[in-house]
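Residue numbers (the numbering used here): 89 to 314. The beta-carbon is built from N, C-alpha and C at its ideal position, and this holds for glycine as well. Step one of this worksheet: look at the structure below.
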Amino acid sequence: MIFPACAMKSQIRSLSCFGAVLVIFGAWARPALGDQQQQPFSFQVQKGDSAKAEKLADELASLSPKVKREEARLVAECAYATVSKLRREYRMFGTPIFNNFLIYHGLRKRGYCYQWSEDLLIALDKLKLTNLELHWGEYDPGTWRENNCIVVTAKGQPFKRGIMLECWRHLGHLYCGPVASDYEHYVENSAYARLVRNKAASSKVSEHNHRVAFQRSVIAKGKAGD
């Protein structure tokens, strides 16, 4: 009986040592895993847009002391990387109005102002923001002059205090600035933002183009006739 008792004690000591090793490894690995969970996104911002993305991050962070600089940076980098990607996918050429002409006649699949904003909203929503909120902005809704943008505010702030992200007017190059001071007076349409998110959840985001009216100026038309 002495031998089995000694063997049992040896096994217990071995298990205790193994358990201690697991505890030490877990304590060492936990910070690294935590960093991975906090940094799940990485965006390739074009070199020419790097300074602009930093500036946008600063502006977003300044919306409120409660906005974390890291979240503001993620939004800025995601916005610039997404718009750059969409510009290639949409194959933008000439002027915004000419691109609308190409879309209208089936020579391009996407690129209307509301489609830029839809795709940008969906990309930014994936960040699961906690300090910032995303709003759908419309200028002159329901008319041939309608244009759309995404407006970013600090959590709980009113729409008019936000920063607009607009893609269409500059042929797929992101424009950022205070929505309240833009020469186009935007209003919020939370119902359309919900519609875009619901379509995205069911993988049916603007499979068909809205009817649009052509315009004679550089001001965009939008999704009238949906």
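Between the beta-carbon of TRP256 and the beta-carbon of PRO184, is there less than 7 Å? yes
Smallest Cα separation from GLU272: which of GLU177, ARG157, ASN235 and ARG285? ASN235
Hey, would you say TYR168 sits closer than 7 Å to ARG198, going by beta carbons? no
Use the C-beta contact count for GLY250: other C-beta atoms within 10 angstroms, 16 or more gives buried, fewer gives exposed. buried
For ALA145, count neighbouring C-beta atoms within 10 Å of its own C-beta (all shown protein chains included) and say buried if the count is 16 or more, exposed if not. Buried, by the Cβ-count rule.
Are there three or more Cβ pairs, one per stretch, closer than 8 Å when the stretch 242-249 is compared with the stretch 170-177? no
If we require 4 or more residues per run, which alpha helix (DSSP H) segments fall completely within the stretch 162-236? 184-192 and 201-213
For a test of the three-state rule: what should DSSP assign to GLY265, helix, strand or coil? Here DSSP, grouped into helix, strand and coil, assigns GLY265 to strand.
Please say whether LEU212 and LEU222 have beta carbons closer to each other than 7 Å? Cβ atoms of LEU222 and LEU212: closer than 7 Å.
8 Å contact criterion, which MET252 and GLY230 should meet: CB distance rounded: Not a contact, Cβ separation roughly 19 Å.
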